[in-house]
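Visitor: Take a look at this one; I'll ask things after.
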Amino acid sequence: MIYADYGYYDFGEFLKSKFNIKVQKISLNAGFSCPNRDGNKGFGGCTYCNNQTFNPDYCKPEKSITKQLEEGKLFFATKYPQMKYIAYFQAYTNTYGDADSVISLYEEALAVDDVVGIIIGTRPDCMPDKLLNYLSVLSQRVFVLVEYGVETANDNTLIIINRGHSWGDTVDAIMRTNKAGVMCGAHIILGLPGENVNDMLYTAVQLAKLPISTLKIHQLQLIRGTKLLYQVEKDELRIIKWNAEEYIRVCAEFIQYIPQRISLERFVSQSPADLLVSPKWGLKNYEFTNLFNNYIKANKIKQGANA
Ligand code: SF4
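In case it helps, the numbering used here puts the sequence shown at residues 20 to 326.
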């Protein structure tokens, strides 16, 4: 519940409600592939995706999960010796593969000292029952959150970006996951090709109906080596070219449709400078968050005001 006349349910607060200790996510690259690249769901991947943007340097697939976690822990351990960690299976589709092999990777992560939970990033069309049953049992033992790449509730846009799944797949995955007693998060992108602000707010209204616990909002980024960049450069597709202030205004409107039970993890993403073509706002994530927080304070914007 937000008691001030502005604000939102911050992800830090959400983690505090789950753990009574300081916890930090460590991103992992477990060497998964993606069914939207290898032909299982589609070829070529989502048009905006260049997977090199996903991971920090310490997480390379040639390193074991244990090694990636141990190296990730070194970043924090000297400053915060009491810190605990959440293994974040981030790169590609972290439920895609033989279920037993996938489960053994999760178990490897959970066997590392001070790892107290896992977050699994995946696609809504990639949650087999066998894995969900396992996660259902695991959830009773440790913190588990499945983060679905939803991107938008608009099926036309999902086709334009070659996402390879529909909004119906998203609803189905989230409902099944919730029914299994496993927490869900969603990830969406604002500014996808063909979408205006009303289309984006439609996604907010649809998400508000679903049993998700967390939400990540990102701006669309044009990344080198992607089909989307090619399409925009050739004028085959148009995207909104907004500055940080314009984007902040849309984010602020968006969160008013998101109920306060959903924690907001982030509002912006920052791809490596050498890969990012636009938008180049020159803001670090925390600088953007400060601007956003100042904006919602000055304009008395409260998450869920229109939900
Ligand atoms: S964004 Fe995710 S689902 Fe889409 S191509 Fe990249 S890894 Fe695959």
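Glycine residues also receive a C-beta, built at the ideal position from the N, C-alpha and C atoms. These figures come from a predicted structure and were not determined experimentally.
Rounded to whole angstroms, how far is the Cβ of residue 185 from the Cβ of residue 174, which I believe are closer than 8 Å?
Guide: Locating residue 185 in the sequence shown gives position 166, counting from the first residue. Locating residue 174 in the sequence shown gives position 155, counting from the first residue. The pair is a contact, with the Cβ atoms about 5 Å apart (cut-off 8 Å).
Visitor: Based on the DSSP output, what are the partners of residue 29 in its beta bridges?
Guide: Position 10 of the sequence shown, counting from 1, holds the residue named residue 29. According to DSSP, residue 29 bridges with 283.
Visitor: By Cβ distance below 6 Å, which residues in the same chain neighbour residue 199 in space, the five residues on each side in sequence not counted?
Guide: Locating residue 199 in the sequence shown gives position 180, where the first residue counts as 1. Around residue 199: 151 and 155.
Visitor: Going by DSSP, which residues form a beta bridge with residue 205?
Guide: As a working note, residue 205 is residue 186 in the sequence shown. Paired residue(s): 167 and 234.
Visitor: Could you give the distance in angstroms between the alpha-carbon of residue 92 and the alpha-carbon of residue 110?
Guide: As a working note, residue 92 is residue 73 in the sequence shown. As a working note, residue 110 is residue 91 in the sequence shown. Each residue's Cα considered, the two are about 18 Å apart.
Visitor: Should the region 245–258 be called in touch with the region 304–319, which here means at least 3 C-beta pairs below 8 Å?
Guide: no
Visitor: Could you check how far apart the C-beta atoms of residue 166 and residue 177 are, in whole angstroms? I think they sit under 8 Å.
Guide: Taking the first residue of the sequence shown as 1, we reach residue 166 at position 147. Taking the first residue of the sequence shown as 1, we reach residue 177 at position 158. No, residue 166 and residue 177 are not in contact; Cβ-Cβ is about 18 Å, not under 8 Å.
Visitor: Does the ligand SF4 have a heavy atom nearer than 8 Å to the CB of residue 301?
Guide: Locating residue 301 in the sequence shown gives position 282, counting from the first residue. Checking every heavy atom of the ligand SF4 against the Cβ of residue 301, none is found closer than 8 Å.
Visitor: What are the start and end residues of the alpha helix (DSSP H) that includes residue 141?
Guide: In the sequence shown, residue 141 corresponds to position 122, counting from 1. Residue 141 -> not in any alpha helix (DSSP H); beta strand (DSSP E) instead, spanning 134–141.
Visitor: For a test of the three-state rule: what should DSSP assign to residue 241, helix, strand or coil?
Guide: For this step, residue 241 is matched to residue 222 along the sequence shown. In the structure shown, residue 241 sits in a strand (DSSP, three-state: E or B).
Visitor: Name the residue from 168, 129 and 127 whose alpha carbon lies nearest to the alpha carbon of residue 146.
Guide: Along the sequence shown, one-based indexing puts residue 146 at 127. Of the candidates 168, 129 and 127, the one whose C-alpha sits nearest the C-alpha of residue 146 is 168.
Visitor: Sorry if obvious, but does the Cβ on residue 262 come closer than 8 Å to a heavy atom of the ligand SF4?
Guide: Residue numbering aside, residue 262 sits at position 243 when the sequence shown is read from its first letter. Checking every heavy atom of the ligand SF4 against the Cβ of residue 262, none is found closer than 8 Å.
Visitor: Out of 280, 204 and 231, which has the shortest C-alpha to C-alpha gap to residue 321?
Guide: Within the sequence shown, residue 321 is the residue found at index 302, counting from 1. The shortest Cα separation from residue 321 among 280, 204 and 231 belongs to 280.
Visitor: Residue 23 to residue 316, Cα distance in whole Å?
Guide: On the sequence shown, position 4 is the one that residue 23 refers to. On the sequence shown, position 297 is the one that residue 316 refers to. Their Cα atoms are separated by approximately 10 Å.
Visitor: Let me make sure I understand the geometry here. Which of 108, 227 and 326 has the alpha-carbon closest to that of residue 84?
Guide: Position 65 of the sequence shown, counted from the first residue, corresponds to residue 84. Comparing Cα positions, the closest option is 108.
Visitor: Let me check understanding here. Comparing Cα to Cα, which of 160, 38 and 149 lies closest to residue 102?
Guide: As a position in the sequence shown, residue 102 is number 83, starting the count at 1. Taking only the C-alpha atoms, the option nearest residue 102 is 38.
Visitor: Applying the 10 Å Cβ sphere with the 16-neighbour rule, what's the burial state of residue 222?
Guide: As a position in the sequence shown, residue 222 is number 203, starting the count at 1. Residue 222 comes out buried.
Visitor: Please state if the CB of residue 122 and the CB of residue 44 are separated by a distance shorter than 9 Å.
Guide: As a working note, residue 44 is residue 25 in the sequence shown. As a working note, residue 122 is residue 103 in the sequence shown. No; because the gap between Cβ atoms is not below 9 Å, this pair is not in contact.
Visitor: Using alpha carbons as the reference points, say which of 52, 96, 62 and 26 lies closest to residue 180.
Guide: Here residue 180 refers to the residue found at position 161 of the sequence shown. It is 62.
Visitor: Give me the residue from 211, 319 and 274 with the minimum Cα distance to residue 67.
Guide: Here residue 67 corresponds to residue number 48 of the sequence shown, with the count starting at 1. That would be 211, whose Cα lies nearest to the Cα of residue 67.
Visitor: Do you know offhand how far residue 40's Cα is from residue 233's?
Guide: For this step, residue 40 is matched to residue 21 along the sequence shown. For this step, residue 233 is matched to residue 214 along the sequence shown. When rounded, the distance between both Cα atoms is 19 Å.
Visitor: What residue does the alpha helix (DSSP H) around residue 45 start on, and which one ends it?
Guide: For the purposes of this step, residue 45 is taken as the residue at position 26 of the sequence shown. Here residue 45 belongs to no alpha helix (DSSP H); instead the beta strand (DSSP E) covers 42–47.
Visitor: Where does residue 315 fall in DSSP's three states?
Guide: Numbered from 1 along the sequence shown, position 296 holds the residue referred to as residue 315. It is helical.
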